[in-house]
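Following: one structure in structure tokens, then a few remarks.
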Amino acid sequence: AQKVTQAQTEISVVEKEDVTLDCVYETRDTTYYLFWYKQPPSGELVFLIRRNSFDEQNEISGRYSWNFQKSTSSFNFTITASQVVDSAVYFCALSEAPDYGGSQGNLIFGKGTKLSVKP
Amino acid sequence: DSGVTQTPKHLITATGQRVTLRCSPRSGDLSVYWYQQSLDQGLQFLIQYYNGEERAKGNILERFSAQQFPDLHSELNLSSLELGDSALYFCASSVESGFYNEQFFGPGTRLTVL
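Sequences listed follow chains Z and E, in order.
Every letter in the first sequence is one number past the one before it in this note's numbering, and letter 45, counting from 1, is 45.
Every letter in the second sequence is one number past the one before it in this note's numbering, and letter 78, counting from 1, is 1078.
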């Protein structure tokens, strides 16, 4: 069965430290998408990135970078030089192709990692 | 701002009551998803509509129902409410219904059942 595991429940860092949030997924499918969402204290869910299962290139967007490794079924998220505004709960999510038991597009979320960045 | 709107922002009601949550998707998006976020279960998919038709069902209770109207807004109806239904309910929308689409979430409706 499909599953997303974010083993780190809470992480606390000091501003300017680098931090990596881990995400491990399980799927029988060869065609799937992975996502990261951010939930700041205000509560809304903000889309950060989408990655398909055929694209293992790492991606960098400003201070954010993502490392996708199919061999270890991981899709880790690194924040470089963290800032107080990065404090939030971060969710990793999986979406599978319908042919493999997935739905039309519902997201399977991990439990989230709460990141606290202290000044 | 994702462009997805949800009303009301907060809802407080009593057990046994019925409530309706409303969602307007981003302009041009045809697909609407409902999710429930609770401390116990985390973020769970409830149901999806695409252009007025139900496309997928998740862990949605029989006491809950939803629909999508011709103008594409959606409503989630929760009836015979129980204390355990207290949660944050999110609506999300995407352009199409495919599993490859990123979903954009509304601000959520926080439901408190007393």
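Where is the CB? At the ideal position from N, CA and C, for every residue including glycine.
So if DSSP puts residue i in a beta bridge, which residue, or which two residues, is it bridged to?
i	result
residue 115 of chain Z	Z:11 and Z:88
residue 1078 of chain E	E:1019 and E:1064
residue 1042 of chain E	E:1038
residue 35 of chain Z	Z:50 and Z:93
residue 59 of chain Z	Z:66
residue 1057 of chain E	E:1047
residue 1033 of chain E	E:1048 and E:1092
What is the rounded straight-line gap between the Cα of residue i and the Cα of residue j?
i	j	result
residue 74 of chain Z	residue 48 of chain Z	17 Å
residue 138 of chain Z	residue 1096 of chain E	Because chain Z spans 1 through 119 in this model, residue 138 of chain Z falls outside it and cannot be assessed.
residue 96 of chain Z	residue 1047 of chain E	16 Å
residue 1064 of chain E	residue 76 of chain Z	35 Å
residue 1112 of chain E	residue 1106 of chain E	18 Å
residue 45 of chain Z	residue 62 of chain Z	20 Å
residue 6 of chain Z	residue 114 of chain Z	10 Å
residue 15 of chain Z	residue 84 of chain Z	6 Å
residue 19 of chain Z	residue 80 of chain Z	7 Å
residue 89 of chain Z	residue 109 of chain Z	12 Å
residue 1026 of chain E	residue 72 of chain Z	36 Å
residue 50 of chain Z	residue 1015 of chain E	39 Å
residue 8 of chain Z	residue 1100 of chain E	26 Å
residue 70 of chain Z	residue 1030 of chain E	32 Å
residue 117 of chain Z	residue 1045 of chain E	30 Å
Quick one: which chain B residues come within Cβ less than 8 Å of residue i?
i	result
residue 67 of chain Z	Absent from the structure is chain B; the protein chains it does hold are Z and E.
Would you identify the three-state DSSP class for residue i, choosing helix, strand or coil?
i	result
residue 78 of chain Z	strand
residue 4 of chain Z	strand
residue 72 of chain Z	helix
residue 1083 of chain E	helix
residue 107 of chain Z	coil
residue 83 of chain Z	coil
residue 1026 of chain E	coil
residue 16 of chain Z	coil
residue 24 of chain Z	strand
residue 1113 of chain E	strand
residue 30 of chain Z	coil
Could you check how far apart the C-beta atoms of residue i and residue j are, in whole angstroms? I think they sit under 8 Å.
i	j	result
residue 1103 of chain E	residue 1092 of chain E	4 Å
residue 65 of chain Z	residue 13 of chain Z	Contact doesn't hold; Cβ gap of about 16 Å is too wide.
residue 1019 of chain E	residue 1068 of chain E	At roughly 18 Å, the Cβ-Cβ gap does not stay under 8 Å, so residue 1019 of chain E and residue 1068 of chain E are not in contact.
residue 107 of chain Z	residue 35 of chain Z	7 Å
Any heavy atom of the ligand MG inside 6 Å of the beta-carbon of residue i?
i	result
residue 1100 of chain E	With respect to the ligand MG, the structure offers nothing, as it holds no ligand at all.
Quiz prompt | Validate contact between the region 1004–1012 of chain E and the region 1051–1067 of chain E using beta carbons, cut 8 Å, 3 pairs | solution = The region 1004–1012 of chain E and the region 1051–1067 of chain E do not touch, with fewer than 3 CB-CB distances between them shorter than 8 Å.
Quiz prompt | Stretch-stretch touch, CB-based, cutoff 8 Å, three pairs: the region 30–50 of chain Z with the region 1065–1082 of chain E | solution = Output reads no: the region 1065–1082 of chain E does not touch the region 30–50 of chain Z.
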